[in-house]
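Novice:
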Amino acid sequence: MSLKQTPLYPMHLKYNGKLIDFGGWELPVQYEGMGIIKEHHLVRESAGLFDVSHMGEVFIQGENAEAFVQNLICNDVKTIQDGQVLYSPMCYPDGGVVDDLLVYRYNRNKYLLVINAANVEKDFAWMTENLMAGVTADNVSAQYAQLALQGPQAQEILQKLSAVDLGSIKFFWFNPAVKISGVECIVSRTGYTGEDGFEIYVNPDKACFIWEEIMAAGGDMVAPVGLGARDSLRFEAKLPLYGQEIDKDISPLEAGLGFFVKLNTDDFIGKSALVQQKEAGLKRKLVEFSMIGKGIPRSHYEVYKDGQAIGHVTTGMHAPTFKKPIGLALINYEHSTPGTEIEIIIRNKAIPALVGQGIFYLKKTKSK
Amino acid sequence: MNFPEKLLYTKDHEWISVTGEKGHIGISDYAQTHLGDIVYIELPEMDMEATQGEAIGVIESVKAVASFLCPVGGTIVEVNEELEESPELLNQDPYENWIAVIELSDQKDLDKLMNAQTYAEYCQNLEETEG
Numbered sequence: 005m006s007l008k009q010t011p012l013y014p015m016h017l018k019y020n021g022k023l024i025d026f027g028g029w030e031l032p033v034q035y036e037g038m039g040i041i042k043e044h045h046l047v048r049e050s051a052g053l054f055d056v057s058h059m060g061e062v063f064i065q066g067e068n069a070e071a072f073v074q075n076l077i078c079n080d081v082k083t084i085q086d087g088q089v090l091y092s093p094m095c096y097p098d099g100g101v102v103d104d105l106l107v108y109r110y111n112r113n114k115y116l117l118v119i120n121a122a123n124v125e126k127d128f129a130w131m132t133e134n135l136m137a138g139v140t141a142d143n144v145s146a147q148y149a150q151l152a153l154q155g156p157q158a159q160e161i162l163q164k165l166s167a168v169d170l171g172s173i174k175f176f177w178f179n180p181a182v183k184i185s186g187v188e189c190i191v192s193r194t195g196y197t198g199e200d201g202f203e204i205y206v207n208p209d210k211a212c213f214i215w216e217e218i219m220a221a222g223g224d225m226v227a228p229v230g231l232g233a234r235d236s237l238r239f240e241a242k243l244p245l246y247g248q249e250i251d252k253d254i255s256p257l258e259a260g261l262g263f264f265v266k267l268n269t270d271d272f273i274g275k276s277a278l279v280q281q282k283e284a285g286l287k288r289k290l291v292e293f294s295m296i297g298k299g300i301p302r303s304h305y306e307v308y309k310d311g312q313a314i315g316h317v318t319t320g321m322h323a324p325t326f327k328k329p330i331g332l333a334l335i336n337y338e339h340s341t342p343g344t345e346i347e348i349i350i351r352n353k354a355i356p357a358l359v360g361q362g363i364f365y366l367k368k369t370k371s372k
Numbered sequence: 006m007n008f009p010e011k012l013l014y015t016k017d018h019e020w021i022s023v024t025g026e027k028g029h030i031g032i033s034d035y036a037q038t039h040l041g042d043i044v045y046i047e048l049p050e051m052d053m054e055a056t057q058g059e060a061i062g063v064i065e066s067v068k069a070v071a072s073f074l075c076p077v078g079g080t081i082v083e084v085n086e087e088l089e090e091s092p093e094l095l096n097q098d099p100y101e102n103w104i105a106v107i108e109l110s111d112q113k114d115l116d117k118l119m120n121a122q123t124y125a126e127y128c129q130n131l132e133e134t135e136g
């Protein structure tokens, strides 16, 4: 079976991306001459350019579009205005997570939902299954390529290519018709790195052109960045990854996403289960931890305390910005207080670690 | 990619530089390139006895965990502790920055290893099949 390629594949060849199989897509984990750590630092210090075309896009339209989206997601879509973006988990009736997504509100009858690459078919089937009268759902993933330009220099670089004042697009807002080098794009001030930056949705035929325009405009300030650094950047900013921090067996409350779950307003799929979970008290919780002993915690490593298995690592790694290993773990609630000593099982040895708080990277995204 | 002439290599990308009864051992340029940024190493234990091919250490990059296999049978008589503080030295120069020194138990183990040219061809084949 051959791998799928995004419209930016020629760029990965041109810039010597080290291509891997990423959930059926042929995408670069890093680029030659750089590597994960250099790419990571570049995004934190300057700017990095990502191909995120594998993500999915679904248009929800119709007179009941708002009611449909409100029912589908945990967050409150009525809190955003036209041109604004909302982050939300989307749950099953039992409170487990279907996916996390971004909701772009054009107006109360038109929304763009941006969903994880790994879940496009599943999410779209879920939306179709839960559709209501007066709403249409269109999977337009193939009609959009997506680039992300992330880092403190992102705006300065992108501004060279547009007459639109990009400073007017605030954090978690978008403009559906920004001309970048004469090509109309949807541009949002969103991202998955913890830095300021933009996500750019464009016609697949123009994707390589826009990529090269950004590379030229950025010069030394920008370089292509692969999936390896994408993961280390989002992890340092404590942003969840579906399949690790959230999945069908983890509720958004357990994953620390309670801020994005509005239990005091309209009904939504999974609400009653989450209300019950909250009232009964969480049995598990996602905690931050740092290592006391030597070793690197990684996804799915077991967590022990006093000889008992108490959970598992959701994501862990050597964090490039902090130059030391840190992790997130889903563990039994009674051990989740900062200061609790736990053990990470690394190659059959119990390595001591410490539950903490404020270990992770303070996001530098601009609100104003 | 670099394949120093005087070294012998394993199919798992370790190298050995033999002087009499002892050899310096490490990982090849191919290994460090494919691992990516190395962030952690578990060095072999001092005085441990190992057989050819036995896992005696661990090298971790940002994305991967790899076993360091002993290129020949013998006893570990020295380890490069500098690598614990600075594992990235293995990326910078994998030949200069040896991992350990082993006292060989059987010189014949060397016959099972590849010379630079054979190893270079072996790596070339791997690159072609891996794409």
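Top to bottom, those sequences are chains A and B. Residues in the first sequence are numbered consecutively from 5, following this note's numbering. Residues in the second sequence are numbered consecutively from 6, following this note's numbering. Note that beta-carbon positions come from the ideal geometry of N, C-alpha and C, so glycine has one too.
1) Rounded to a whole number of angstroms, what is the C-alpha to C-alpha distance between Y96 (chain A) and N123 (chain A)?
2) Straight-line CA distance for D98 (chain A) to K252 (chain A)?
3) Short of 6 Å in beta carbon distance, which residues of its chain neighbour T140 (chain A), apart from the five on each side in sequence? Order them along the chain.
4) What are the residues that DSSP puts in a beta bridge with H322 (chain A)?
5) Excluding five sequence neighbours on each side, which residues of the same chain lie with their C-beta closer than 6 Å to the C-beta of S371 (chain A)?
6) If I follow the unbroken beta strand (DSSP E) through T24 (chain B), where does it start and stop?
7) Compare the C-beta of E65 (chain B) against all C-beta atoms of chain A and say whether one is closer than 8 Å.
8) Quick one: grab the DSSP three-state call for K372 (chain A).
9) Please classify N76 (chain B) as buried or exposed, where buried requires at least 16 other C-beta atoms within 10 Å of its C-beta.
10) Is it buried or exposed for L13 (chain B), if we count other Cβ within 10 angstroms and need 16 for buried?
11) By how many angstroms is the C-alpha of P324 (chain A) removed from the C-alpha of V229 (chain A)?
12) Just the Cα atoms here: how many angstroms apart are A259 (chain A) and D52 (chain B)?
13) Could you list which residues in chain B have their beta carbon closer than 9 Å to that of V33 (chain A), in chain order?
14) Considering only the beta carbon of each residue, do L48 (chain B) and E89 (chain B) sit closer than 8 Å?
15) Taking the alpha-carbon positions, what's the K22 (chain A) to S255 (chain A) distance?
16) Which residues does DSSP list as the beta-bridge partners of N111 (chain A)?
17) Which parts of the stretch 268 to 321 of chain A are runs of the beta strand (DSSP E), unbroken and 3 residues or longer, counting only runs that do not cross its ends?
18) So with Cβ pairs under 8 Å, would you call I218 (chain A) a contact of chain B?
19) Relative to the alpha-carbon of L290 (chain A), which residue among A:N352, A:K114, A:Q361 has its alpha-carbon at the smallest distance?
20) Write down the C-beta distance between Q9 (chain A) and F272 (chain A) rounded to the nearest angstrom, noting that I regard them as a contact closer than 8 Å.
21) Write down the C-beta distance between V81 (chain A) and M94 (chain A) rounded to the nearest angstrom, noting that I regard them as a contact closer than 8 Å.
22) Look up T140 (chain A) in the DSSP assignment and say whether it is helix, strand or coil.
23) At a Cβ cut of 7 Å, what residues of the stretch 227 to 244 of chain A count as close to chain B, listed as they run along the chain?
24) Quick check: the stretch 32 to 48 of chain A against the stretch 210 to 219 of chain A, are at least 3 beta-carbon pairs closer than 8 Å?
25) Whose Cβ in chain B lies nearer than 9 Å to the Cβ of M321 (chain A)?
26) How would you label N111 (chain A), buried or exposed, when you count the other beta carbons within 10 angstroms and need 16 or more for buried?
27) Below 8 Å CB to CB, which residues in the same chain sit around K18 (chain A) once its five sequence neighbours on both sides are set aside?
28) Is I32 (chain B) helix, strand or coil when you go by DSSP?
29) Could you check how far apart the C-beta atoms of V359 (chain A) and G343 (chain A) are, in whole angstroms? I think they sit under 8 Å.
30) Please classify E30 (chain A): does DSSP put it in a helix, a strand, or coil?
31) For a contact meaning CB atoms closer than 7 Å, what does G39 (chain A) contact in chain B?
32) Give, in chain order, every residue of the stretch 300 to 320 of chain A whose Cβ lies closer than 9 Å to some Cβ of chain B.
33) Grouping DSSP H, G and I as helix and E and B as strand, with all else coil, what is Y19 (chain A)?
34) From this set, A:I161, A:I119, A:P156, which residue's C-alpha is nearest V144 (chain A)'s C-alpha?
Specialist: Reading it off the structure:
1) 14 Å
2) 9 Å
3) Q65, G66
4) BP columns for H322 (chain A) point to A:P329.
5) Because the pLDDT at S371 (chain A) is just 48, under 50, the model does not fix this residue reliably, and the point stays unresolved.
6) For T24 (chain B), the enclosing beta strand (DSSP E) has its first and last residue at 19 to 24.
7) yes
8) Here K372 (chain A) scores only 40 on pLDDT, less than 50, and its place in the model is too uncertain to base an answer on.
9) It is worth fixing the name first, because residue 76 (chain B) is Pro in this sequence and not Asn. Buried.
10) buried
11) If you draw a straight line from the Cα of V229 (chain A) to the Cα of P324 (chain A), it comes to about 15 Å.
12) 46 Å
13) G41, K68
14) yes
15) 35 Å
16) Paired residues: A:K114.
17) 288 to 295, 306 to 309
18) It does not; no Cβ of chain B falls within 8 Å.
19) A:Q361
20) The pair is not a contact, with the Cβ atoms about 36 Å apart (cut-off 8 Å).
21) The Cβ separation is near 12 Å, so there is no contact.
22) strand
23) G232, S236
24) Short answer: they don't touch.
25) Correct list: V44, V67, K68.
26) exposed
27) none
28) strand
29) 7 Å
30) strand
31) Neighbours of G39 (chain A) on chain B, chain order: G41, D42.
32) Here the close residues are I300, R302.
33) In the structure shown, the three-state DSSP call for Y19 (chain A) is coil.
34) Ranked by how close their Cα comes to the Cα of V144 (chain A), the residues A:I161, A:I119, A:P156 have A:I119 in first place.
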